[in-house]
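Numbering (full-length UniProt numbering), first residue to last: 1 to 487.
Where is the CB? At the ideal position from N, CA and C, for every residue including glycine.
None of the values given here were measured: they were computed from a predicted structure.
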Amino acid sequence: MSDDEDFMQESDEEQYDFEYEDDDDDNNGDVDIENKYYNAKQLKMSEPEEAITEFLGIPPIEEEKGEWGFKGLKQAIKLEYKLGRYDEAAKHFEELLTYVKSAVTRNYSEKSINNMLDYIEKGADGPEAVKSMEKFYSLTLQSFQSTNNERLWLKTNLKLSKLLLDRKDYAAVGKKLRDLHKACQREDGTDDPSKGTYSLEIYALEIQMFAEKKNNKQLKAIYQRALKVKSAVPHPRIMGIIRECGGKMHMSEENWKEAQSDFFESFRNYDEAGSLQRIQVLKYLLLTTMLMKSDINPFDSQETKPYKTDPRISAMTDLVDAYQRDDIHTYEQVLHKNQDILADPFIAENIDEVTRNMRTKGVMKLIAPYSRMKLSWIAKQLDISEPEVQDILGFLIVDGKIHGTINQQEGLMEITSDADKERLQSLQQLTTSISDMFASIFKEGDGYSPGDAGGNEEAMDPRGYGTMKSKMEKLRRKQAGMPLPTG
Numbered sequence: 001m002s003d004d005e006d007f008m009q010e011s012d013e014e015q016y017d018f019e020y021e022d023d024d025d026d027n028n029g030d031v032d033i034e035n036k037y038y039n040a041k042q043l044k045m046s047e048p049e050e051a052i053t054e055f056l057g058i059p060p061i062e063e064e065k066g067e068w069g070f071k072g073l074k075q076a077i078k079l080e081y082k083l084g085r086y087d088e089a090a091k092h093f094e095e096l097l098t099y100v101k102s103a104v105t106r107n108y109s110e111k112s113i114n115n116m117l118d119y120i121e122k123g124a125d126g127p128e129a130v131k132s133m134e135k136f137y138s139l140t141l142q143s144f145q146s147t148n149n150e151r152l153w154l155k156t157n158l159k160l161s162k163l164l165l166d167r168k169d170y171a172a173v174g175k176k177l178r179d180l181h182k183a184c185q186r187e188d189g190t191d192d193p194s195k196g197t198y199s200l201e202i203y204a205l206e207i208q209m210f211a212e213k214k215n216n217k218q219l220k221a222i223y224q225r226a227l228k229v230k231s232a233v234p235h236p237r238i239m240g241i242i243r244e245c246g247g248k249m250h251m252s253e254e255n256w257k258e259a260q261s262d263f264f265e266s267f268r269n270y271d272e273a274g275s276l277q278r279i280q281v282l283k284y285l286l287l288t289t290m291l292m293k294s295d296i297n298p299f300d301s302q303e304t305k306p307y308k309t310d311p312r313i314s315a316m317t318d319l320v321d322a323y324q325r326d327d328i329h330t331y332e333q334v335l336h337k338n339q340d341i342l343a344d345p346f347i348a349e350n351i352d353e354v355t356r357n358m359r360t361k362g363v364m365k366l367i368a369p370y371s372r373m374k375l376s377w378i379a380k381q382l383d384i385s386e387p388e389v390q391d392i393l394g395f396l397i398v399d400g401k402i403h404g405t406i407n408q409q410e411g412l413m414e415i416t417s418d419a420d421k422e423r424l425q426s427l428q429q430l431t432t433s434i435s436d437m438f439a440s441i442f443k444e445g446d447g448y449s450p451g452d453a454g455g456n457e458e459a460m461d462p463r464g465y466g467t468m469k470s471k472m473e474k475l476r477r478k479q480a481g482m483p484l485p486t487g
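Written out as C-alpha cells, the structure is:
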C-alpha cells in the first residue's frame with residue numbers, strides 16, 4: 001500500500017467538526033450579485049435595455065461600494081452610449097468616478113477609465129456624441145484633480161486636446177497644450193526626460209495644429225524639437241503623425257528629398273502601428289518620387305514591397321510608372337479615370353506640379369523634329385488646352401530650353417536655329433587667326449620682302465598664304481551677305 005493510500009485511509013477514519021463563521025449571508029450576497037452581473041451580460045446583445053436595468057441594479061444591492069458595482073456601471077454606461085442615451089451615460093459615469101478612490105485599486109481604475117474614454121472616443125460619430133465626449137473628459141479631469149493621478153490627468157487632457165483640434169478650436173487647443181507642456185517640464189523649463197513619451201504626444205498635437213493653420217515657421221520649430229526627444233519610447237502612431245506633418249512641411253518648401261525621407265519614415269511607423277493612414281502616406285511617398293523626377297522604384301524597399309499590388313494605391317502606382325516612362329498619354333488617362341485621387345486636398349494641391357512637369361516633357365518631345373507648328377496641333381496631340389500649350393512654350397523659351405518665337409495672331413510656334421550664326425562666327429575666327437599668322441611671318445619676320453621678290457606676288461608668297469587669305473575673305477563676305485571685292 002502506498003503512502004498516499006495510507007494517508008487517505010487515515011483521513012477517512014478521522015472526523016472533523018467545521019465551525020462556520022457568521023459571513024454565510026455575505027458570501028451568498030456576493031454570489032447573488034455576481035450571478036446578476038453575468039445574467040445581465042448575457043442580455044447585452046439580445047435585450048440591451050433590460051441589460052442596462054440589470055447592470056444598474058447591482059450598485060444598490062452592495063452594502064458598500066465594490067468591484068461588482070464598478071463593473072455593472074461600466075457595462076451600463078457603454079450600452080447607454082451605444083444606444084445614444086448620452087445624458088444618462090454621463091450621469092452614470094459621474095457615479096462611476098466615485099468608486100476610484102477606495103472601491104477599486106488605482107491601477108485597475110486608471111486602466112478602466114482610460115479604456116472607457118477610448119470606447120467613447122471611437123463611438124462618437126455625431127455632434128451630440130462629441131459634445132457628450134467632452135463632458136466625459138471634463139468629469140474625469142475634475143475627479144482626478146484631487147487624487148494626484150498625474151498619468152490619467154495627462155492622458156485625459158491629451159484626449160481632450162485631440163477633440164478640440166478635431167473641432168478646429170485652436171485657441172482652446174493652444175491653452176491645453178501650454179498646460180500640458182508645463183506639466184512635462186522641469187523647474188528650469190526644459191523637457192523632463194522621464195515624461196518624454198507624453199512630450200512627444202504633445203508635440204504631435206501641436207505639429208498637427210500648425211500644419212492645419214499652415215504656420216510653417218512654428219511647425220518647423222516644433223518639428224525639430226520633437227526629433228530631439230530621445231528619452232521616449234513613443235507609440236509608432238505618434239511618430240507616424242510627426243513624420244507625416246514633417247513631410248508636408250518639406251513639400252511646401254519644395255524640399256522633395258527631405259519630404260520623401262519623412263514620408264517613408266511615417267509610412268514605416270504607421271505600418272508598424274497597424275494604422276490605415278499608412279496607405280495615404282504611401283500615396284504621398286509616390287507623389288514625392290515624381291516630384292523628385294527620380295527613376296528609383298519606390299517599391300524596392302522591403303517595407304513598401306508588399307503594397308505594390310494593393311488596389312488602394314494602384315492609380316498612384318500607374319501614375320508613377322507612366323511618369324518614369326515619359327508616357328504623357330497614359331499619365332493623362334490614369335488621372336482622368338481616377339478622379340478620387342484628388343479627393344485628398346494635399347495630393348490635389350501638389351499633383352498639378354507633377355502634371356505640369358509631365359506636360360512640359362511631352363511638349364519638348366513632340367516639337368523636337370519640327371521648326372514650325374500650330375499651337376492647336378500641339379494641344380490636340382497632348383489633349384490639353386491651347387492656352388496651356390502657349391504657357392508651357394513661353395516658359396521653355398524664357399528658361400532657354402528652346403529658341404523660338406510664338407505668333408499669337410496666327411497661333412504658330414517657330415523654332416529658330418543658331419547653327420548658321422555659329423558657323424559664320426567660327427569662319428570669322430579662323431580667318432582672323434590666319435591673317436594674324438600671315439602678318440607675323442611675312443611682315444615682321446626675316447622672310448621675303450616685296451623688294452626682294454621684285455614685285456612678284458607669287459615669289460613673295462611661295463606657299464600660297466595670300467591666296468588662302470583671299471579665299472577665306474570671300475567666303476566670309478558671302479556668308480555675311482556682303483559684296484565681293486572687285487579687281
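To which residues of the same chain is residue i closer than 8 Å at the C-beta, ignoring the five residues directly before and after it?
{"i": "Asp22", "result": "For Asp22, the pLDDT reaches just 47, beneath the cut-off of 50, and the residue's location in the model is therefore unreliable, although a value from the coordinates is still provided. The answer is none, since no qualifying residue turns up."}
{"i": "Ser376", "result": "Glu386 and Gly411"}
{"i": "Gly455", "result": "Per-residue confidence for Gly455 stands at a pLDDT of 48, beneath the threshold of 50, marking its modelled position as unreliable; no derived number is given."}
{"i": "Gly362", "result": "Asp326, Ile328 and Leu382"}
Are the beta-carbon atoms belonging to residue i and residue j less than 9 Å from one another?
{"i": "Gly57", "j": "Lys36", "result": "yes"}
{"i": "Leu158", "j": "Tyr203", "result": "no"}
{"i": "Leu165", "j": "Leu205", "result": "yes"}
{"i": "Ala103", "j": "Glu64", "result": "yes"}
{"i": "Lys316", "j": "Ile296", "result": "This sequence places Met at residue 316; Lys is not what is there. No, these two residues do not count as a Cβ contact at 9 Å."}
{"i": "Leu97", "j": "Ser138", "result": "no"}
{"i": "Val320", "j": "Met358", "result": "no"}
{"i": "Pro48", "j": "Leu73", "result": "no"}
{"i": "Thr330", "j": "Asp344", "result": "no"}
{"i": "Ile207", "j": "Tyr223", "result": "yes"}
{"i": "Gln75", "j": "Ala40", "result": "yes"}
{"i": "Val160", "j": "Glu201", "result": "For the record, residue 160 in the displayed sequence is Leu; it is not Val. In this structure, Glu201 does not lie closer than 9 Å to Leu160 by Cβ."}
{"i": "Lys195", "j": "Cys184", "result": "yes"}
{"i": "Ile313", "j": "Ile367", "result": "no"}
With H, G and I counted as helix, E and B as strand and the rest as coil, what does DSSP make of residue i?
{"i": "Gln302", "result": "coil"}
{"i": "Ile61", "result": "helix"}
{"i": "Met209", "result": "helix"}
{"i": "Gly185", "result": "Here residue 185 turns out to be Gln, not Gly, going by the sequence shown. DSSP places Gln185 in strand when its eight states are reduced to three."}
{"i": "Met116", "result": "helix"}
{"i": "Asn407", "result": "strand"}
{"i": "Glu258", "result": "helix"}
{"i": "Met45", "result": "coil"}
{"i": "Leu73", "result": "helix"}
{"i": "Asp344", "result": "coil"}
{"i": "Arg106", "result": "helix"}
{"i": "Arg372", "result": "strand"}
{"i": "Glu414", "result": "strand"}
{"i": "Ser143", "result": "helix"}
Among the residues of its own chain, which have a CB less than 7 Å from the CB of residue i, if the five just before and after it don't count?
{"i": "Asp271", "result": "Arg278 and Glu303"}
{"i": "Glu50", "result": "Leu43"}
{"i": "Gly126", "result": "none"}
{"i": "Phe93", "result": "Ile77, Phe136 and Leu139"}
{"i": "Tyr81", "result": "Ala89, Ile120 and Gly123"}
{"i": "Asp262", "result": "Arg243, Gly246, Gly247 and His250"}
{"i": "Asn33", "result": "For the sequence presented, residue 33 should be read as Ile rather than Asn. Result list for Ile33: Ile58, Ile61, Glu62 and Trp68, in chain order."}
{"i": "Lys374", "result": "Gly411 and Leu412"}
If we count the other Cβ atoms within 10 Å of its Cβ and call it buried at 16 or more, is residue i buried or exposed?
{"i": "His403", "result": "exposed"}
{"i": "Lys155", "result": "buried"}
{"i": "Gly447", "result": "Because the pLDDT at Gly447 is just 48, under 50, the model does not fix this residue reliably, and the value given afterwards should be weighed accordingly. Exposed: under 16 other Cβ atoms inside 10 Å."}
{"i": "Pro311", "result": "exposed"}
{"i": "Met292", "result": "exposed"}
{"i": "Met437", "result": "exposed"}
{"i": "Asp26", "result": "Confidence at Asp26 is low in this model, with a pLDDT of 49, below 50, so the placement of that residue is unreliable and no value is reported for it."}
{"i": "Val173", "result": "buried"}
{"i": "Pro369", "result": "exposed"}
{"i": "Tyr323", "result": "buried"}
{"i": "Tyr38", "result": "exposed"}
Going by beta carbon distance, what residues of the same chain come within less than 6 Å of residue i, once the five residues before and after it are set aside?
{"i": "Glu187", "result": "none"}
Next on the checklist: Would the segment 213-230 count as touching the segment 172-182 if we require 3 or more Cβ pairs under 8 Å?
Outcome noted: no
Checklist entry - With a cut-off of 8 Å, do at least 3 Cβ pairs link the segment 282-297 to the segment 261-269? => result yes
Item to check | Cβ contact (3+ pairs, closer than 8 Å) linking the segment 239-246 and the segment 305-314 | outcome: no
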